[in-house]
Structure formats: C-alpha cells, structure tokens
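Chains as they are written, first to last, in the numbering used here: chain Z, 1 to 332; chain L, 333 to 620; chain C, 621 to 885; chain Y, 886 to 1307.
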Amino acid sequence: MTPMTRDRRARGHWRRQLGILALLVVLVAVPWVITDPYKISICTMILINVILACTLFPLLHAGMFTIAHAAFMAIGAYSSALLTLKAGLSFWLAFPIAGMVTAVVAALIGIPTLRTKGVFFLLITFGLNEVGRLVISSLNITGGAEGLGGIRRIDAIPVPGIGVIEFTSRAANYYFVLALAVLTIVVLVRLWRTAFGRAWQAIGQSEELAVSLGIPLARYKLSLFCLSCFFAGLTGSFFAHYYRFLSPADFTVWNSIYPLVYLQVGGLGSMLGPILGATILTGALEIFRAIEEYKPMTFGVLLVVVMLLAPDGLIGFPSRARVLWKGRRGMR
Amino acid sequence: MGLDQVLQTILFCLVLGSYYTLIASGFTLVFGISRIFNFAHGELYMFGGFFLYYLIGMWSVNYFVALIVCGLAVGVMGVVLERLFYRPVRTHINATFMVAVGLLLIMSNLALVLFGPLIKKVPSPFAGSIRVSPTVSLSWERVAVIVGCAIVMSALHLFINHTRQGVALRAVAQDPDTAALMGMSVDRFRALAFFAGSFLAGVAAAIVIPVFYVDPFVGGNVMLRAMVVVILGGLGSIPGAVAGGFALGFIDGLGLTFFGYPAYTLGWVIVIVLMLIRPMGLMGKELG
Amino acid sequence: MTPILRCEQITKHFGGLKVLEHIDLDVHAGEILALIGPNGAGKTTFFNVLTGYVRPTSGRVLFDGQDITGAPPDVIASLGMVRTFQAAIMFDKMTVGQSMLTAHHLGGRGSVWSALFNRPSYRQREAAIERASIELLEFMELGDMKDELVANLPHGRQRALGVAMAMATRPRLLLLDEPVTGMNPEELVVLMRQIHDLRDLKQQTIVIIEHHMAAVMEFSDRITVLNFGRKIAEGNPAEIGTNPDVIEAYLGAPVASAADDVPHA
Amino acid sequence: MKGKRWTLSLVALLTLFLVVTSVAYAQTTEVLKVGVPNGYTGSGASSGLPTLKAYKIQADILKQHGGFTVGGKKYTLDLIQADDGYTAAGGRAAAEKLIFADKVRFFLGPLSSAAMMGMLPLVEENKIITMTNSITTEKFKTGCRYIFQVNPQGGLVLASQVMRIIQTNNVRKVAAFSPKDETGRQNWEQMKTGIKQVWEKEGADRVKIVHEEFGERGQSDYTPILAKLLATKPDFIILGAFAGEAPLIVKQSRELGYKGAFANPMSPDPKELAQVAGAQNVYEYYSWGIVWNDLPKIDIPAKHAGIYRKLTDKFGKEPLVEFYQRYKAAYNEDPPGAIVYMLDNLPLLVLALEQANSFDADKVVKTMESWDVWPSYYGTGVWSGDKTTYGIKHVATKSSPTFKQQGTKLISTGFVMPELVP
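1. Quick one, which residues of the segment 723 to 734 of chain C are near chain Z if we go by CB-CB under 7 Å, in chain order?
2. Give the straight-line distance between the Cα atoms of A70/Z and P248/Z, rounded to the nearest whole angstrom.
3. For a contact meaning CB atoms closer than 7 Å, what does P311/Z contact in chain L?
4. Would you list the one or two residues that DSSP bridges to N1149/Y?
5. Indicate the three-state DSSP secondary structure (helix, strand or coil) for A481/L in the structure shown.
6. Between the segment 68 to 85 of chain Z and the segment 238 to 254 of chain Z, do at least 3 Cβ pairs fall closer than 8 Å?
7. Does the beta carbon of S138/Z come closer than 9 Å to any beta carbon on chain L?
8. So the alpha helix (DSSP H) Y174/Z belongs to, where does it begin and stop?
9. Out of curiosity, what's the CA-to-CA distance linking V800/C and T704/C?
10. I'd like the list of long-range same chain contacts for N341/Z, defined as Cβ closer than 7 Å, with 5 residues on each side in sequence excluded.
11. Which residues, in order along the segment 1091 to 1111 of chain Y, keep a beta-carbon less than 8 Å from a beta-carbon of chain L?
12. What are the boundary residues of the beta strand (DSSP E) that V1059/Y is part of?
13. To the nearest angstrom, report how far apart I1185/Y and Y1263/Y are at their CA atoms.
14. Kindly indicate which residue of R152/Z, I151/Z, F167/Z, G150/Z has the alpha-carbon position closest to the one of P158/Z.
15. Can you pull the chain L residues whose beta carbon is under 7 Å from the beta carbon of Q1160/Y, in chain order?
16. Three or more C-beta pairs closer than 8 Å, one from the segment 590 to 608 of chain L and one from the segment 802 to 809 of chain C: is that the case here?
17. Under a three-way DSSP split, which group does P1220/Y fall into?
18. Nearest-angstrom Cα distance between G620/L and A503/L?
19. Of the residues G1201/Y, V1135/Y, E1067/Y, which one's Cα is nearest the Cα of L947/Y?
20. Which whole-angstrom value describes the C-beta separation of A98/Z and G313/Z, a residue pair presumed to lie in contact below a C-beta threshold of 8 Å?
21. Could you check what DSSP says for N923/Y in three-state terms: helix, strand or coil?
22. Please compile the residues from chain Y whose C-beta is within a distance smaller than 9 Å of the C-beta of P318/Z.
23. So what does DSSP say about C627/C, is it helix, strand or coil?
24. In the DSSP output, which residue or residues are listed as bridge partners for N847/C?
25. Comparing the C-beta of G233/Z with each C-beta of chain L, is any distance below 9 Å?
26. Who are the neighbours of S41/Z on chain Y, taking C-beta pairs under 7 Å?
27. I need the DSSP call for T954/Y, collapsed to helix, strand or coil.
28. Per DSSP, what kind of secondary structure is H816/C in: helix, strand or coil?
29. Which chain Z residues are close to N441/L, counting only those with a beta carbon under 8 Å from its beta carbon?
30. Counting only C-beta atoms, is M331/Z closer than 9 Å to chain C at any point?
31. Which residues mark the beginning and the end of the alpha helix (DSSP H) in which Q340/L is found?
32. Please confirm if K887/Y has its CB atom under 9 Å from at least one CB of chain L.
33. From the DSSP output, which residues share a beta bridge with F683/C?
34. With a threshold of 9 Å between beta-carbons, can P995/Y be considered close to chain Z, or not?
35. Report the CB separation of V560/L from V477/L in whole angstroms; it is logged as a contact under 8 Å.
36. Does the CB of S486/L have a neighbour CB from chain Y at under 9 Å?
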C-alpha cells in the first residue's frame, strides 16, 4: 500500500489491524465457546454467505451486476460432487478442479456476455441462472429435479504435525469454510489495493476514461469475473460436501439475489459491508425461523427498512445519519 | 400431427400470448417511465386475483364491476408502493432493486398469511366453449382472454397516444430530463405510471385468473414470464410488450408441445441470444 | 522529418450525415497544433476517430508511420496517443491521488503474484509510479489536493487533473478536447500556460481543440480549421487570423473575439 | 417525510415479530417436544400448513384423553414447526434447529423428498425417530434405522386400485403425467406395478402405456402438454401426485375433449376440484383418500380389536369422526382430502413411546418394528418393505380409503386392504 493511498487510511489504520486480528481470534474460538452444534452450523452457513457476498463486492464495483452467482456456485457444487461420486476422486483433488471448472465456464460465458452493460448484463445473468437451473433439473447425470444424493463428506486428510483431520464434526467443517472465507477475502482485498484493483475500480467508474488511459476493458472485466466465479465454485464444492445432497432448488435466482442483498444491506463502502450484511441477515433469518410463516416477510421488512434508512448500506449509515441529523434530506 | 391439432396448438399459443401480453404490459409501462423493475408486479397481479375472488366469490359482485374495482384497487396499491418505498430511494439504483426484492418477499408472504395457502377459484362469467372445428374447441373464458387482451391493449394505445396525460407519459418515458426542464413534474408521472401499470396488473388478473386459479404463489411464475416478454419486446416499450407477449406465447406453446417441459428454457435462451446481438429487443429503443 | 501523426483522407459518415470529409493532417513532434472550428465542425469526432473510439468510414490514421486505423482505444493509448474528454469524465469516487496512480496503468504492473504478495519488485514499481504522480500533480499545481475526492474538486481543477492523468500515460502525442471550457479567465490562463509548459519543458507534442480564440492564437504554433467536416484552412496563428474563409466560417465576426462561446454538449 | 414515518411503523412490526417469537418459545412442563419439519413458506406451504393444523388437532384430542404415559409420567405433545422450504439445504437447517436448538428427539414429517434427503444424515447420526410422509425409496435403500414412512401407498395400495380401475373400466390405453420430482416418479412407478399385475393376469396386450410425461408443478397452463398427451388417445390418465395443479389438469384435458378416467394419489380438496375443474368436468376421477361427509364405518376384525382399541383410547371412540369434527370446529373448513394420509404419524409415535415406556430411540424403533400389525385411523396397517424393495421394513402398508368423484359428489369406492394385494 503506497503512502499516497495510506494517508487516507492512516487514521485508525492500526486500530483496524487490531480489530481484524481480534475478529479472527473470535472466529477461531467459536467452536470452543459455542458448543451447540446448531449454532456452529449457523455460523457455517453465515460464512458461506459471507464468501458469496464478498466475491460479488469487486464485481459490483467494476460495474458487473450479476444475478447468476448461484448458477456458478452450482457448477462448482455439481462438478465436485460428480468428480467424487462418479470418478471417485478425492475431495482434495475435486475441490480445486471444481473451482477451475467454474472459472472456465465463467470465461466461456463472460466472453460474449461481458460486452453488455448495466441492466442488460443484469437481465442476461438472470436468464442464465434460470437456464442453468432448468438444465440441471433436466439432466440425468445431475440427478435431475430429484437431486443428487450420497455425496461423501470432506475426506479426512493427514496434516504433518497435527495428524489426520477428520471432517465428521461440525467444527472441522466450520474451520474449513472459515479458512476458505479468509483466503477469499484476503486475496480479493489484497488485489483490490494493487494496480489491478485500481484498474477494476476505474472501469467501474468510467469505462470510457479507463480505456483512454490504456486499460483493456474486456480482459480486465473477464479476469475479475472468472476470479469471482472461481471462489463461488470453491464455495459450491464445500456446499456439496457439507450438505451432501444437491438439488436444483438450492440454486434458484433467489440464491443469486440473496448474496446481493447481503452486500447491499451491508454496504459497498468497504469489504466490511458484505461481511456485516451476510452475518446480520443470515443470523436474522435463522432467528426468525422461529416464526416460520413470517420468515420471508421479516427478511423483506429488514431489507426495505435498511434500504430506506441507509440506501448505501449499514456501514454507510453513520455518516448518512449525520446528514439526516443536519436536516438535509439525503434521500431526496 | 393432424390439422386439427395444429389448429389447437395455434389457438392456445394465442391464448398464452394474450395472457403474457396482459401481464407484461403493465410491468413494461412502469419500467418505461420510472426505470424501475417492479418485481412486485407479479404479486400485484396475485392480489388482483384475490380481490376478484372476494368480490365475486364472497360478495357476488357483477364480474365487469369487479374487474374495474380490481384494477383500481391494485392501481392504488401500486401508487402506494411508489410513494412510500420506491420514491425515497429513487436516486440509488441498487437500493431500488433491493426494495423491489423486499416488496416481492413481503407481499407474497403477506398473501400467504392473509389468504391461506390453498388455491382459490374464481367462477368465470363465460361458460361453455365454441367448436372451432368438429374436433377442436375453445372455452369461452379463453376466448375472453384473447378478446380482453385486445380490448385492454387498444384502450392502452388510445390512452398513450390520444390523451394529454398519455402523451405526457410518453414524453417523460422518452426523456425525463427534458420533460423536467419543460416543467412537468416527473414525480407525478412516475406515480401515474405506477397507477396505470398496476391497474393493468389488476385487470389482467381479473381476465386471466378465472381461467386458472389464484393462490399466494402465482406471482413468481407470472413475473418470470413477464420479464422474458419485456426483454423480448424491448424494455419499456408497450408495442414491444405485445410483440414479445405473442412471440413468447408461440415459443412456449410450440416448445411445450414438441419438447415438453425443458422448453421453458427456450424463452430464456432466445432472450439471452437476442440481448447479445440486439440489446434493445424486438421493438425497443436504446436506454438513455 | 516524418510527422508523428499522419491522417490520410479521414472520412466519417453517420448514416447520411457527413461529419468528416477527406481530412488530411500531419502533426510534428514537439508542436502544439490547435484544431478549431464552429460547433458541429466535427472536431471531437475527429479525435474519436484518431483514438479508436469511432471507426472512420474511410481513410487511414498513421501513428509513427504505423497504421492504427480502427485499432481499439486502449491499444492506441498504449502506443502513445492519449486524449482527454470535453465533458468532465472523471473517476468521481477516487481521490486525486488514486486517480493519478490509476492513470499510470501503462507504467506497468508486473505479475499478479508480485502484486498479490507485495514483492519488492512490485513495491518499487508502485513507489516510482507514486513519485511520478506527485511530480505531475505538482506540475499541474494540484499537489495539495491529492487527498481530495475528485467529485469535490472545482471544475477547473478537474480539467487540470484530466490533463495530468493523460500525461501520466507518458503519451508521445496528447490530444486535449476543449480543456479550458467553462473556466474563469484566471483558471484559463493558468491552464493554458501549463499546457504550453508541457511542450516547452517536457517536449510534449499536443493537439488541442479549443474555442477560446485568444488562447489559441497565443499558445499554438499551428492552427487547423474545420468547418462542416472539411478542413478549410491551416497555418500559423497570424495567417489564420487573417484568412477570409475562417472569418467567413465564424460568421464574419472578428476571429479574436469569437471567444468564450458556450461549449457545445 | 412520509417514508420515514412508514419505516418506523415497519420497525414496530418487527418488534411485534420478536414478541411473537418469544411467546412461541414459551413452554409448559410435562410436555414432549415433537418437531414438525415441513414447508411453511413458498409453494410447500399448501401442504405443510394444513398438515400442521391436523397434527395440532390430534395433539389436542390426545391431551383431552389424558395424553400418554412414559416412565409413570403423563405427557402431552408440544408441536414445534420448522420450515424446510422444500429443499435439501432447508431440510437440513430445519432439522438442525429442531435437534440442537429445540432439543427435539422426534419428527413428524417432512413431506418433501428433497428435505428428507437433506436431513437424512442428521436424523441418522442423532437417532431422531422420523415419521415421514415423503415417498422415496432412495433413503430406504441406504437402510435407515430411525425413519418410518407412514404413507398408505407403500406402492401396493396404489397398484391395486389402478389395477381395479383398469379392469372395471375396461381400460385399453394408459397415459401418465407426473410431477418432475422424486415424489411424482415414485408414485408413477408404484402405480405402474398395478398395470404390470394386469399384464401378468391377462397378457401384455390387454392394456398399453401410450404416453409418459413429467412436468413442473405450479404451472397454470398445462394445455400444450395435455394436447400432446391426448394425441395418443388414452382412456385412462394417471396423475403422479399433482396437488393444486390436478384440478386444472382435469379441466384443461376435458376442454380438449378427453372423456376417460383419472387417477391421482394426492387429490386436492374435492370442493376445490369441482370448483376449479367445473363440476360437469369431474367424472371418473379416482383418488385415495377419505370422504369426509360420508365417513366409512370402520369394522375391525375381531383379532385386531385389541390393537385398534389402543388408538381409540387416545384419539376418540371413532377417531376419524372426532378428528373431522374438531378440525371443522377449529378452522371451520373441511380438511383437505389428502390430510388423511398424515393421520397415522402422530398416533403411531405416541403408541410406540408408551409401549416402549422410554424415549430411547433404539427401544422405540424396536417396539415399532415388533408390531406385526398396528392400528390405523381407518383400520390396521403393517410394516412392509424388505431387503429387495426398500432395504428395511419401515414402510407402511395399510388399508386405504379410495373414492371416485362425480361432480361435487364423492362416492367411496371402499378400502383397499393390503390383504387384497397379490
């Protein structure tokens, strides 16, 4: 990080570092503190959503508003499941392959579609997600609409020094997805602050100006799209071996929209946004599972309220609140 | 397949087309003026269906009266949505999208709580069916869908082209900024658009629901189809909605007849390809 | 010596509309060439053709004797022909500093890995880029503003930043599209002076579209006049100032006063 | 601005939800928590909510009759619902919530195969006794200790009615239209065995399967598919468990000029059917379920009288009548016809608990397996299924009421008893 950008971050820079460290400690401690398996698996679910929301963060900033993320997650999930089921591969081999398969498919789809912009890209991806779901449910190898069962859990792996790690316990799966989340976020945040990240942001803010400065749009958009989908694919692979049953119903347009909701509710201001949004909303959904019939409504109300009070998301709220306090109607 | 079956196929393609046109026209109208994808449009349609059920099934109001009342009631709902939820976030595109999603969730769930999960049937005033050929027949209620679609669409055409409000609406749709410069209150026209669009949703429900049924879950499928139609025809274009509606009617109808259910993919595939080669759709204009 | 840019018979039609007709133009290293003409003369379209935003209907664009007709904008930029925009298109959500770093894209980035792991090679490159950025900002008298959000900059400063960003790509040929429109006289003089210095101190070759006649007359070495897509005159300021066709084109108004006319949208 | 005032009221709404939640969590002593994972939102709700209502009625009736005794303590049931969203992930989440947050050891449901598959590993690992209604042989192939499938149509009952219809109506061409999910395929496969039986009896050319179609649930216009299907001129259409869609399918195929018979295992409420399809269109429509306004007289063979009393002791002298009256009183509407399938889940669990006199899963399972015949709301049932068919004897085969609908009128076509099945 160069001084020029650091100046702005200098305020509370160390505080931030400490905060991140503390957060990590807490996250690692979770399985010891929370013994209730249900709560652990909620945390697992939260982390899955955090990853998905975070992979959307750079995409939205670069002006790619996609509603096909669930479809790409599905590609990762099914390819990993089938590789282990049909080809008998070890999970540890299938996992990265699943990610790459997803990235490749993303490239093949991205090359024609990324030429479109804004609402058209949104609609195309929307359609792609529908097509993907319908294809999965009409193929035989994917088990069609009935779904694909009998998927192995993550294979045990010997780790020098620690010994063999079994993935029978929830804690183990939790740690796995936690590691994946950390990896994803670190990679994305790091890249975001490099010249590449700057180029992506530039494209998001003005393609015209970006290209005039010699930034090749197509290549940069495609690479980011593939990267994002790569992580979505990895997440999908974990999803498959965690739930051990896949059905098209898990990858509807809604499953693509929810991560966007987390991201938007959390806020696009920084990577903290998607993390916050996914945590709060997934948590909320679980809490409100108690009043089953009202769950979607509750979610909807949360969403609308946040959007009305803080259109820029929760992390943008404090500054916005100040604006409102001053009496200036930011909403208008 | 025999001639009579060809005829049969064509007939329900027409019915399907009219149905799609009815549900899509309101959706596209709203988008044309306000640039908002009102994902709650399908839910408005659903509410329209339930209103009709209570008006006719419970209080046995005359069908045609009920039809108008449905339109008005749903129209008012639309205005409320615009005023209370969409307007405050107008300047934030993403937030608008999210609000639309939220409203969709709230309304469908609300319907489930209010009306219960079971399907409700609205008796159609048009009983019996006409013989088109010795072997082919078409029920009057389906005829009503085709005719109803024709009437509603021509009425809409008159409104857009031959009333002051309508012409103004179109002006705003084409260029909100200039319209604003010319001292038109864009806000007022957005409200008007939401009213008109939602009114159409209510009327569509009143015409279509008697053929099928209404339950709290009909909104979703309606929405999906409407989106395909609107993209096919071009975002925000009313003639496009008609063209797209019937296009999809035939795509779905023929597809289902010949390939069975995977055919539901067909519409989307075509739409995606279309958007790649001609983003403005069949009859649409490029967005500003 | 061979011209750095040579345009041969550039023609552009939009449908029936003849926007550019058989334009020939040479730009020589180290000069400031002004491109003037009434509204709708096709000046901006000409820039768009040169920089690959628009494909010419016919004609060739030679940059360093290399045919770049119809090459994509980013390639042309990487070859060293960079333009600014008439409308203030900016990276509004960035700070001035970030914008400058971004503008150094062509300065090289190294591999993703070196960036991801913040390797020394990458750090050095970033440091260099930053030094260059600061230097340019100082040059354009923006040094004290590098932490400002671009959106919060006054209009004049934004235009200056635009020039600085274009310069960050180390262009061999800089195309400026009405850099001083909408500026107050003081700002205007400052910016024109800075542009002039770019040429004098950095040997920067510049083609500038400008309406402000006084400025053009004072700062440019050579002037080309377009009218209705045709080149009607070319020569040094003195010649142009007295050229009857030009005066005609400007509705007979004395050239020097045809200044400050509103920028066309 | 108005927007803000409105949002405030929404916040109020939220807090209300919270209150409801806490209330929902409030508990009384001496109650056994039983989880009811099912679809309560989305299209799953159309079967999930009525089922929950039915269980609640049964729990009340049980309470009135003094609950049940385990280890000398009286127990009543506290039903805890959890939405499985009709998906695998949803099913797993629901199960986890019930097992670990609500500390539930016993499940009634789910109906959705996907949800069942999702919660399968959990249920087995944690020894959760699950009385499910989801029809899927798949999970039994994996040999599940703790899952009992209480649906009446352990295939055989479906088959025998299909066989009977083919014979009595002298059917020559059968066409099948089923939902494109596991439930749909299962139902069709099971009913197909009925046709196979006809073949065995009367030769393979007696009746032909002219068309098989699988379709999406929840669509509104089935005309295209039906036109295609009717082009093969069938005289008997078998619907593989369409629920809300069935009335439309009947209506639309009649509109296309179909005159033959229908069979549909998961029939909607008869009134609904007549309403939607139009009374004139509803004839030769066969289904499995109860005729509420003409409840059959249950006559129990003397040898089973004792067993049947176990049920009547806890769920009323005439269990069906009692249930029907209570349901109608509570919700002033007839229960959906299909609800009758779910009525045995709760009683069987209760009886097993009491007899095992323990909440230990393995004991309870042993007890249930030990029954060679058990009481059902409309007679008796047995556990069927063996290594070859299901892998484990946990699948109910029991007498099932069948009926035929004529307009709004339901004509009971009697019970199909397991004994009838070859």
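All residues carry an ideal CB built from backbone N, CA and C; glycine is no exception.
These numbers come from a predicted model, not from an experiment.
In terms of the structure at hand:
1. A723, H725, L726, R729, V732
2. 10 Å
3. V421, H424, A427
4. S1172/Y
5. According to the sequence shown, residue 481/L is Cys rather than Ala. Helix.
6. yes
7. yes
8. 170 to 192
9. 12 Å
10. What is shown of chain Z runs 1 to 332, which leaves residue 341/Z out entirely.
11. E1098, F1099, G1100, E1101, G1103, Q1104, S1105, D1106, T1108, P1109, I1110
12. 1058 to 1064
13. 9 Å
14. F167/Z
15. K453
16. no
17. coil
18. In this prediction, G620/L scores a pLDDT of 30, lower than 50, which makes its location untrustworthy; the coordinate-derived value is nonetheless stated afterwards. Rounded to the nearest angstrom, the two C-alpha atoms are 13 Å apart.
19. G1201/Y
20. The pair is not a contact, with the Cβ atoms about 31 Å apart (cut-off 8 Å).
21. strand
22. Going along chain Y, no residue has its Cβ under 9 Å from P318/Z, so there is no contact; the nearest lies around 17 Å.
23. strand
24. R850/C
25. no
26. E981
27. strand
28. helix
29. E293, Y294, K295, P296, M297, G300
30. Below a pLDDT of 50, predicted positions are generally treated as unreliable, and M331/Z, at 38, falls in that range; the measurement from the model is reported next regardless. Not closer than 9 Å to any Cβ of chain C, the Cβ of M331/Z fails to qualify, so no.
31. 335 to 366
32. Bear in mind that a pLDDT of 48 at K887/Y, under 50, signals an unreliable position, so the number given afterwards is only what the model happens to contain. So yes, K887/Y belongs to the interface.
33. L625/C, Q686/C
34. no
35. At roughly 19 Å, the Cβ-Cβ gap does not stay under 8 Å, so V560/L and V477/L are not in contact.
36. no
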